[in-house]
Amino acid sequence: MLSLKQLIREERSGPVDLHELGICYFYLENYERSLETLESLIDQFTNYVDIGRVQALRIYGMIQLERWEEARFVLMDRLKIEPTDETLMGMLAYVYEREGRLKDAMAQHRRVLQVNPDNINSLNSLGYLITLYGKPEEMDEAYRCLKRAMEANPDNPAYLDSFGVFLNRKGNKDSARKALSKALKKDPDNSVILEHLKEVL
4 MLSLKQLIRE ERSGPVDLHE LGICYFYLEN YERSLETLES LIDQFTNYVD
54 IGRVQALRIY GMIQLERWEE ARFVLMDRLK IEPTDETLMG MLAYVYEREG
104 RLKDAMAQHR RVLQVNPDNI NSLNSLGYLI TLYGKPEEMD EAYRCLKRAM
154 EANPDNPAYL DSFGVFLNRK GNKDSARKAL SKALKKDPDN SVILEHLKEV
204 L
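Note that my numbering has the sequence shown beginning at 4, numbered continuously upward.
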């Protein structure tokens, strides 16, 4: 990392150097510096071969900093170029959710599933959002989504948690308790799962 910074100070850096430095800052959780570095790369080297990955990392940084509106604008621009990129589509759904635009978040997860019906993250997220905020007539869709996520990865604590919340909403407290207890064993420091489990004890 020090050699990369030296190259940049001496103005001998290329796009790969800036990209690597942006990655280093990101993994050090210095998201502001990561964004500064990546944005410098974008300004200087618009035709960089890995510009898509640079933009994706830049968006991750914005999300970490909770710069939702800025992330949304960049995501929507990138999706004009890569309209079926599942990672970008999923990030936009997450940003919508964090902005409180829950209908938009659910609609975006449905778009992801049109591109890839087996996208496990969108299956879980859509099922969970419907469970919490959907209409009664959408609960069958929530069940199908969560069941498929569970079948794909039955030991994932996030998926167990979502399924437990769904079962609780349907009044099946015993099964909900089992799912949530299993989720907490897999991720014992997760305060969200713990709160959900308290609701069925």
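Note that beta-carbon positions come from the ideal geometry of N, C-alpha and C, so glycine has one too.
For residue i, three-class secondary structure by DSSP
i	result
Ile11	Its pLDDT being 48, under 50, Ile11 is placed unreliably by the model, and the measurement read from it follows with that caveat. The answer is helix: DSSP assigns Ile11 an H, G or I state.
Leu5	Residue placement at Leu5 is poorly supported in this model, since its pLDDT is 46, which falls under 50; the coordinates are not used for a value here.
Tyr30	helix
Phe76	helix
Thr207	Only positions 4 to 204 of the chain appear in this structure, which leaves residue 207 out of reach.
Gly17	coil
Val98	helix
Pro139	helix
Leu204	coil
Ser194	helix
Thr40	helix
Arg70	coil
Integer-rounded CB distance, given that residue j should sit under 8 Å from residue i
i	j	result
Arg56	Leu38	Wrong, their Cβ atoms sit about 15 Å apart, outside the cutoff.
Ala74	Ile66	5 Å
Unbroken alpha helix (DSSP H) run spanning residue i, endpoints
i	result
Pro160	160-172
Asp107	105-118
Arg56	54-67
Asn3	The structure shown does not extend to residue 3, since the chain spans only 4 to 204, so no value can be given for it.
Tyr146	142-155
Arg180	176-189
Please determine if the region 125-133 and the region 152-166 are in contact, where contact requires at least 3 C-beta pairs separated by less than 8 Å.
yes
Exercise for the section: Mind the definition here: the region 106-118 touches the region 130-148 only if three or more C-beta pairs lie below 8 Å; say whether that holds. Expected result: yes
Report task. Decide yes or no for the touch test of the region 75-87 against the region 40-50: beta carbon pairs closer than 8 Å, at least 3 of them. Result -> no
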